[in-house]
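Asks: The working numbering puts the sequence shown at residues 1 to 158. All C-beta atoms, glycine included, are put in the ideal place defined by N, C-alpha and C. Because the structure is a prediction, the values reported are computed rather than measured. Below is one structure. I have some questions about it.
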Amino acid sequence: MTRAIVVLLSVLALSLSMISIARAVEPGEALTDPVLEERARGLSQGLRCLVCQNQSIDDSDAPLARDLRLLVRERIAAGDSDSDVLDFVVARYGEFVLLKPRFNARTYLLWAVPALVLIVGGLIVLLNIRKAKATSVPEALTEAEKERLAEIVNDRER
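Quick look at the structure:
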């Protein structure tokens, strides 16, 4: 019985590992030149599927992703450079189609805000630590406070 379970688990593990190898790119889409196909794959992995939104067009099964994969391959086959292909797709679909947005005047806040939040948060933490250290040292009692404390202690002892 345990041998059957081990075999079944092995087959299941092998099957699950094969899933990651499978891509949405269909055999008919691939370019015949392996160098051009590798370029197309690289570009496709950097473009967002507008239907799935958090998947690249290389991983997506959506019809729009297939159309974009074909478009990328057509542009590469026509002799466009990688930047020409990306510029063409961005001109058609906007910056959102890029999984990793470009750094330019329109997107600098997108890149700068996380760093600013970390810096401001760090400063707030440091200021709170300094404030806590500064207020944690008790001040000495005045003579009047010492006398009042002695009276209270004497009253309690009676």
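Cα separation between A4 and V117?
Replies: On the sequence shown, residue 4 is found 4 positions in, with the first residue counted as 1. On the sequence shown, residue 117 is found 117 positions in, with the first residue counted as 1. When rounded, the distance between both Cα atoms is 55 Å.
Asks: Are the Cβ atoms of R233 and A30 separated by less than 9 Å?
Replies: With the chain covering 1 to 158 only, the question about residue 233 has no answer from this structure.
Asks: Determine the direct distance from the alpha carbon of A65 to that of Q45, and round the result to whole angstroms.
Replies: Here the question's residue 45 lines up with position 45 in the sequence shown. Here the question's residue 65 lines up with position 65 in the sequence shown. If you take the alpha carbons of Q45 and A65, they lie about 11 Å apart.
Asks: Can L110 and L47 be called in contact, C-beta distance under 9 Å?
Replies: Position 110 of the sequence shown, counted from the start, is the residue given in the question as residue 110. Position 47 of the sequence shown, counted from the start, is the residue given in the question as residue 47. It is not a contact, given that the beta carbons lie outside the stated cut-off.
Asks: Between which two residues does the alpha helix (DSSP H) holding P159 run?
Replies: Coverage of the chain is limited to positions 1 through 158, which leaves residue 159 absent and any answer about it impossible.
Asks: From R106, V113, L50, G121, pick the residue whose C-alpha is nearest to that of L99; which is it?
Replies: For the purposes of this step, residue 99 is taken as residue 99 along the sequence shown, with counting starting at 1. Considering only alpha carbons, the answer is L50.
Asks: Can you pull the DSSP bridge partners for L98?
Replies: The residue labelled residue 98 in the question sits at position 98 within the sequence shown. L98 is bridged to L47.
Asks: Give me whichever residues DSSP pairs with S10 in a beta bridge.
Replies: The residue you call residue 10 lines up with position 10 of the sequence shown. Bridge partners of S10: none, in fact.
Asks: Quick check: the Cα distance between A22 and V89, rounded to an integer number of angstroms?
Replies: Position 22 of the sequence shown, counting from 1, holds the residue named residue 22. Position 89 of the sequence shown, counting from 1, holds the residue named residue 89. Here the model assigns A22 a pLDDT of 46, short of 50, so the residue's position is not dependable and the matter cannot be decided.
Asks: Hey, could you find the ends of the alpha helix (DSSP H) D84 is sitting in?
Replies: What you label residue 84 is simply residue 84 of the sequence shown in a count that begins at 1. D84 -> alpha helix (DSSP H) spans 82 to 93.
Asks: Decide if R106 is buried, meaning its Cβ has at least 16 other Cβ atoms within 10 Å, or exposed.
Replies: Walking along the sequence shown from the start, residue 106 turns up at place 106. Classification of R106: exposed, given that the 10 Å Cβ count is below 16.
Asks: Tell me the DSSP bridge mates of S60?
Replies: Taking the first residue of the sequence shown as 1, we reach residue 60 at position 60. In the DSSP output, where bridge partners are listed per residue, S60 has none listed.
Asks: Is the beta carbon of A77 sitting closer than 9 Å to the one on L36?
Replies: Counted from its first residue, the sequence shown places residue 77 at position 77. Counted from its first residue, the sequence shown places residue 36 at position 36. Yes, the pair counts as a contact, with Cβ atoms nearer than the cut-off.
Asks: On the three-state DSSP scale, how would you describe G122?
Replies: Here residue 122 corresponds to residue number 122 of the sequence shown, with the count starting at 1. If DSSP states are grouped into helix, strand and coil, G122 belongs with the helices.
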